[in-house]
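Step one of this worksheet: look at the structure below.
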Ligand SMILES: NC(=O)c1ccc[n+]([C@@H]2O[C@H](COP(=O)([O-])OP(=O)(O)OC[C@H]3O[C@@H](n4cnc5c(N)ncnc54)[C@H](OP(=O)(O)O)[C@@H]3O)[C@@H](O)[C@H]2O)c1
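Below, the structure written as structure tokens:
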């Protein structure tokens with residue numbers, strides 16, 4: 111699969127390296143002239159050539175960025191890995207919730223894209239091929255398009271994840287809140303290699 115990743119931060123680069131290991135074609139869409147070690151190009155060009163796009167940019171710029179490539183995103187699967195993080199006096203917080211979410215804002219901004227919220231409840235170090243003593247952790251996802259979720263599920267399973275579908279894109283509200291539980295545990299323990307796992311009967 112040809113995978114386009116928007117954003118060359120730690121998440122974009124971790125996903126690029128991981129997908130490449132699994133034999134996928136990867137390009138990063140970026141404002142930078144180039145990204146070391148990864149093929150890159152302006153966002154619109156990367157989206158145009160991709161079978162699947164992951165957005166991994168600062169939450170504050172995510173909606174504007176997808177709007178700027180709305181034509182290229184028409185019909186495409188858009189995996190939203192962002193979180194609406196905002197520093198606050200008490201530590202980190204979210205700039206949207208609990209009656210809306212960044213995932214929903216992104217879907218509304220590009221109604222022609224098939225948005226799947228995923229990757230936002232785990233740190234970049236574990237995003238591809240997580241290797242934890244308790245076995246595969248669970249990637250929670252949300253989105254309105256069943257076929258898009260099936261494609262993302264197969265990519266996640268191929269890269270070491272158990273997958274739990276929370277339903278429509280509005281469940282991003284709870285996924286973005288879950289991110290804060292992940293951050294709170296990390297901040298309290300000073301460790302950043304934990305992940306959620308759903309136990310089912
Ligand atoms: N860090 C994690 O472990 C983690 C885990 C789960 C989810 N997330 C979420 O994933 C997203 C990416 O996180 P990150 O830690 O990789 O990095 P980040 O610092 O949140 O931002 C990543 C990228 O955003 C892009 N960007 C585009 N336009 C921008 C603008 N005007 N101002 C600032 N940045 C802009 C930049 O890419 P270019 O310079 O290439 O354009 C930058 O490298 C965030 O929404 C974050 O909340 C992060």
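In the working numbering, the protein residues as written are 111 to 311.
Virtual Cβ for every residue (Gly too), placed ideally from N, Cα, C.
Once you ignore the five residues that flank residue 276 on each side, which residues in its own chain have a CB closer than 6 Å to its CB? In the same chain as residue 276, and ignoring 5 residues on each side of it, the C-beta atoms closer than 6 Å to its own belong to 250 and 252, in chain order.
With hydrogens ignored, establish whether the beta-carbon of residue 208 is closer than 8 Å to any heavy atom of ligand 1. Outside the cutoff, so no.
Inside the stretch 201-261 only - alpha helix (DSSP H) runs reaching at least 4 residues: Counting whole runs of 4 or more residues, the stretch 201-261 contains the alpha helix (DSSP H) stretches 212-219.
Give the single residue among 241, 202, 304 and 183 whose Cα lies nearest to the Cα of residue 216. Looking at the Cα atoms, 183 is the closest of the given residues.
Proximity to residue 307 [Cα-Cα], best of 270, 283, 282 and 280: Residue 307 has its Cα closest to that of 270, out of 270, 283, 282 and 280.
Using the Cα positions of residue 141 and residue 120, report the straight-line distance between them to the nearest angstrom. Straight across, the Cα-Cα distance linking residue 141 with residue 120 is about 15 Å.
Residue 276, DSSP secondary structure in three states: DSSP places residue 276 outside both helix and strand once states are collapsed to three, so it counts as coil.
Pick helix, strand or coil for residue 282, following the three-state DSSP scheme. Three-state DSSP puts residue 282 in a helix.
For residue 123, is the classification buried or exposed, using 16 other Cβ atoms within 10 angstroms of its Cβ as the cut-off for buried? Buried is the call here.
What three-state label does DSSP hand residue 137 in the structure shown? Residue 137: strand per DSSP, three-state reduction.
Who does residue 149 pair with in a DSSP beta bridge? For residue 149, DSSP records no beta bridge to any residue.
Would you mind giving the Cβ-Cβ distance between residue 204 and residue 196, rounded to the nearest angstrom? I have them listed as a contact below 8 Å. Indeed they touch by this definition, with Cβ atoms about 6 Å apart.
Report all residues from its chain with a CB closer than 6 Å to the CB of residue 314; omit the five preceding and five following residues, and keep chain order. Since the displayed the chain opens at 111 and closes at 311, residue 314 lies outside it and no answer follows.
In angstroms, rounded to a whole number, what distance separates the CA positions of residue 298 and residue 194? Between the alpha carbons of residue 298 and residue 194 lies a distance of about 21 Å.
Could you tell me the boundaries of the beta strand (DSSP E) in which residue 179 lies? Counting along the chain, residue 179 falls outside any beta strand (DSSP E), and DSSP gives it neither H nor E.
Given 8 Å as the limit, tell me if residue 327 has its C-beta closer than that to any heavy atom belonging to ligand 1. Residue numbering for the chain in the displayed model covers 111 to 311; residue 327 lies beyond these limits and cannot be assessed.
Find out if the Cβ-Cβ distance for the pair residue 149, residue 165 is shorter than 9 Å. Residue 165 sits away from residue 149, with the two beta carbons spaced by 9 Å or more.
Please determine whether the Cβ atom of residue 170 lies at a distance below 8 Å from any heavy atom of ligand 1. The nearest non-hydrogen atom of ligand 1 is less than 8 Å from the C-beta of residue 170.
Sorry if obvious, but does the Cβ on residue 231 come closer than 8 Å to a heavy atom of ligand 1? Because some heavy atom of ligand 1 lies under 8 Å away, the Cβ of residue 231 counts as near it: yes.
Can you find a heavy atom of ligand 1 that lies under 8 Å from the Cβ of residue 195? Checking the Cβ of residue 195 against ligand 1 gives yes.
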